[in-house]
Amino acid sequence: MACRVRVKQVKQAKTSSSTAKSAAKSAAKSDDQAARPEPGSSQTLIRGLDIIESVAAGIGDLGEIAQHTGMTYSTVHRIVLALARRNYLKRDPQRGYRLGRKLLELGFHAYSEVELTRIARPMLQALADKTSDTVHLATVDHGLVIYLDKISSRRAIEISSRIGGSKPLISTGVGKALLLDAGEQEWEAIYEQQRHLLRLPVSKSAWIKLMRGYAQAGYAYDTGEDEPSIRCVAAPIRDGSRKTVAAISVSSTLEYMDEKRMKALAPVVCETARRISAELGSSQG
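Counting from 1, one number per residue, gives the positions in the sequence shown under UniProt numbering.
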C-alpha cells in the first residue's frame, strides 16, 4: 500500500512539473509575441510614429534616428521620405529633419477643439439654463458632425447624442449650420454623398432651396430630418478669420419645441453663437 501511494505521489510530482514547464513555455511564448513587432502595415505605422517622436525630441539626423529607434538606416530613410512627402516631416539643411506643417496643423486643430470647448462652456451652460433644453457644441470632421460638448436637458427627455459621437451633416441642425458659408457647390456635393441618410426623401432642388434660406437667415433647423420627434435650432460659430469652426444648437422634443418656439429661440441661439465667436476673435457672429 505504501508503495502504491509513493508511485502515485511521484506521478503527481511529474505531472505538476510538466504542467509548470508547459505554463512557463506558454508565458515565454506570450512574452515573445508581445515583444515581437506588429506585422505588415501596423509595424510600418508604429515605426513611423517612433520616427516622428524621435524628431520631436530633437533628433534630426537619419543615422541618429536609426540608432535611437533601433531600425536600420535604410528603413529609417524610406519611412522619413514617405513622411516628408506627406508634410509630416521637413528637412532643414542645417538642422536635419524637423516636424512638418501637417503635424503642426493637426496639433493646432486638437488644441483649438480643447480651447473652443473651454471658451464656449460657460455660454453653453447659460443657454441651457435659460432654455431648459439640451445644448450641443459641434464641429465637422470628414463630412460628419462631431459633438465636442453636450449639456443635457432639465426636462424628462433624452437626446441620443454623446460627446465624441458623430451624425450626418445633411440631417442635423448643427450640420446644416456648419454648412451655411460653404456655398451651393459644396451643398450639392454633401447632398449627393449623404441623401441616403435623410429619414424622408427630399429632392436636391428642395434641399438646396432650404439651405439658401438658412444661409440668408444665419441659422438652421432640424425639423425631424434626423429623428422624427426631435426639433433643433442651430447657429454657426466663426473665428477671427470669419471661418466657421463650430456650431451650437438647442434641441428638444416636438412636445416642447413647436414651430413658434423654434422661431423664438433662433435669435437667442444666434446671440450665444455670436458671443462665442467674439471670444474667438470674430468681429461678427
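Here a beta-carbon is modelled for each residue, glycine too, at the ideal position from N, C-alpha and C.
- Boundaries of the beta strand (DSSP E) around residue 140: 134-141.
- Residue environment analysis places residue 178 among the buried positions, since at least 16 neighbouring C-beta atoms fall within 10 angstroms of its C-beta.
- Residue pairing for residue 245: DSSP places it in no beta bridge.
- Shown here for residue 245: same chain residues with a beta carbon closer than 8 Å to its own, the five before and five after excluded, namely 112, 116, 139, 237, 238, 239 and 280 in chain order.
- Here the C-alpha atom of residue 46 lies approximately 16 Å from the C-alpha atom of residue 89.
- Residue 73 sits in a helix when the DSSP states are folded into three classes.
- Inter-segment contact for the region 256-270 and the region 211-227 is present: three or more beta-carbon pairs are separated by less than 8 Å.
- Under the three-state reduction of DSSP, residue 117 is assigned to helix.
- Restricted to the UniProt domain "HTH iclR-type" (42-101), the beta strand (DSSP E) segments that are unbroken, complete and at least 3 residues in length are 89-92 and 96-99, listed in chain order.
- Selection 223, 241, 195 and 102 evaluated against residue 263 yields 223 as nearest (Cα-Cα).
- When only Cα atoms are considered, residue 95 and residue 101 end up about 16 Å apart.
- In this structure, residue 124 lies near residue 248, with their beta-carbon atoms less than 8 Å apart.
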